[in-house]
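Visitor:
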Amino acid sequence: VSDNITYSTALVTALDNVTSLSPTTTQATNDTNITVPHKCLLLLYEDIGKSRVRYWDLLLLVPNVLFFMFLLWKLPSARAKIRVTSSPIFTTFYILVFVVALVGIARAVVSMTVSASDAATVADKILWEITRFFLLAIELSVVILGLAFGHLESKSSVKRVLAITTVLSLAYSVTQGTLEILYPDAHLSAEDFNIYGHGGRHFWLASSCFFFLVYSLVVILPKTPLKDRISLPSRKSFYVYAGILALLNMVQGLGSALLCVDIIEGLCCVDATTFLYFSFFAPLIYVAFLKGFFG
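Quick note: the sequence shown uses this note's numbering, first residue 30, plus one each step.
1. Are the stretch 122 to 141 and the stretch 89 to 105 in contact at 8 Å, needing three or more beta carbon pairs?
2. Under the rule that 16 or more other beta-carbon atoms within 10 Å means buried, what is Glu168, buried or exposed?
3. So, using beta-carbon positions, are Thr120 and Ile111 closer together than 8 Å?
4. Under the rule that 16 or more other beta-carbon atoms within 10 Å means buried, what is Trp102, buried or exposed?
5. Can you name the start and end residues of the alpha helix (DSSP H) that Ala235 belongs to?
6. Please report how far the alpha carbon of Met141 lies from the alpha carbon of Ser115, in whole angstroms.
7. Alpha carbon to alpha carbon, how far is Ile159 from Ala137?
8. Could you check how far apart the C-beta atoms of Leu283 and Cys297 are, in whole angstroms? I think they sit under 8 Å.
9. Quick one: give me the first and last residue of the alpha helix (DSSP H) that Tyr84 is part of.
10. Give every residue of the same chain whose Cβ lies closer than 8 Å to the Cβ of Val316, excluding the five residues on either side of it in the sequence, and list them in chain order.
11. Please state whether DSSP places Asp22 in a helix, a strand or coil.
12. Considering Cα atoms alone, identify which of Arg81, Lys79, Asp86 is closest to Leu73.
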């Protein structure tokens with residue numbers, strides 16, 4: 030009888046412990062991505078085999094390397110045509126495309142060499158911010174130069190545009206970097222490694238919506254009364270370029286919005302847009318503005 034009483038007491042105690050722990054365990058599983066990482070989160074930090082190289086970095090590296098090799102192959106003929114035309118805008122576009130490809134390669138290569146320590150995590154995020162700074166500066170420069178094509182034929186005008194976009198991009202990147210490093214988004218973390226979260230879900234959503242509106246406005250400009258008041262670009266490729274970036278930001282905004290309401294599948298949307306932007310932005314500029322010129 031004593032044994033039965035002891036066994037019953039132990040069983041009740043064990044059940045009480047399970048009952049008291051169960052809500053905490055369930056909450057830990059639901060409130061974080063650390064316990065059960067989603068496949069779209071896993072993609073961002075999983076290493077290839079036993080190496081310290083992440084699949085994500087390799088995915089971003091390969092397209093940039095291939096495009097950079099293409100630029101080197103086209104370099105002799107491109108330089109010859111630039112000398113003949115002496116157009117500061119075409120020269121600027123070509124240099125910007127080279128910079129985009131090089132920065133993408135440098136970020137991926139350096140990121141592959143860092144470990145998962147706290148210091149390395151911060152270094153990786155700084156690399157992302159530097160890359161984003163260059164890409165945004167180039168992105169804004171392309172829009173302004175494209176809209177003002179034919180009006181900015183002097184080197185000093187082009188330099189002023191680049192200076193303005195550099196300041197704007199620096200302000201954006203500093204804000205994003207501050208949020209990313211000092212206030213990392215807990216929903217974008219995995220194991221002991223905080224992945225780059227682009228300033229967090231809310232900043233990502235706000236910036237995506239802003240750029241979506243900007244590029245959408247550029248696309249519809251020829252359909253507005255402004256077409257009779259200002260000289261707009263006649264190249265169809267310019268509006269295709271703006272339309273693609275508008276679509277990209279729309280999908281990215283949708284993914285960010287889903288993350289804001291704790292729907293982890295939104296991460297799949299932003300994974301796709303991040304890959305496309307950081308891997309194919311330079312080829313997009315080349316096809317939209319330089320392919321017809323260089324052949």
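A virtual CB, placed ideally from N, CA and C, is assigned to each residue, including glycine.
Guide: In terms of the structure at hand:
1. Per the Cβ contact rule, the stretch 122 to 141 is in contact with the stretch 89 to 105 (3 or more Cβ pairs under 8 Å).
2. For the purposes of this step, residue 168 is taken as residue 139 along the sequence shown, with counting starting at 1. By the 10 Å Cβ count, Glu168 comes out buried.
3. The residue given as residue 120 occupies position 91 in the sequence shown. The residue given as residue 111 occupies position 82 in the sequence shown. Using a Cβ distance threshold of 8 Å, Thr120 and Ile111 count as a contacting pair.
4. By 1-based counting over the sequence shown, the position of residue 102 is 73. Exposed, since its Cβ has fewer than 16 Cβ neighbours within 10 Å.
5. The count along the sequence shown starts at 1 and reaches residue 235 at position 206. Residues 230 to 249.
6. As a working note, residue 141 is residue 112 in the sequence shown. As a working note, residue 115 is residue 86 in the sequence shown. Between Met141 and Ser115, the C-alpha separation is close to 40 Å.
7. Walking along the sequence shown from the start, residue 159 turns up at place 130. Walking along the sequence shown from the start, residue 137 turns up at place 108. Separation of Ile159 and Ala137 (C-alpha to C-alpha, rounded to the nearest whole angstrom) is 12 Å.
8. Taking the first residue of the sequence shown as position 1, residue 283 is located at position 254. Taking the first residue of the sequence shown as position 1, residue 297 is located at position 268. A Cβ-Cβ separation of about 11 Å leaves Leu283 out of contact with Cys297 under the 8 Å criterion.
9. For the purposes of this step, residue 84 is identified with residue 55 of the sequence shown, where counting begins at 1. Boundaries of the alpha helix (DSSP H) harbouring Tyr84: 84 to 114, taken from the DSSP string.
10. What you label residue 316 is simply residue 287 of the sequence shown in a count that begins at 1. The residues are Ser266.
11. The question about residue 22 has no answer, for the chain in this structure spans 30 to 324.
12. The residue given as residue 73 occupies position 44 in the sequence shown. Its Cα nearest to that of Leu73, the residue Asp86 stands out among Arg81, Lys79, Asp86.
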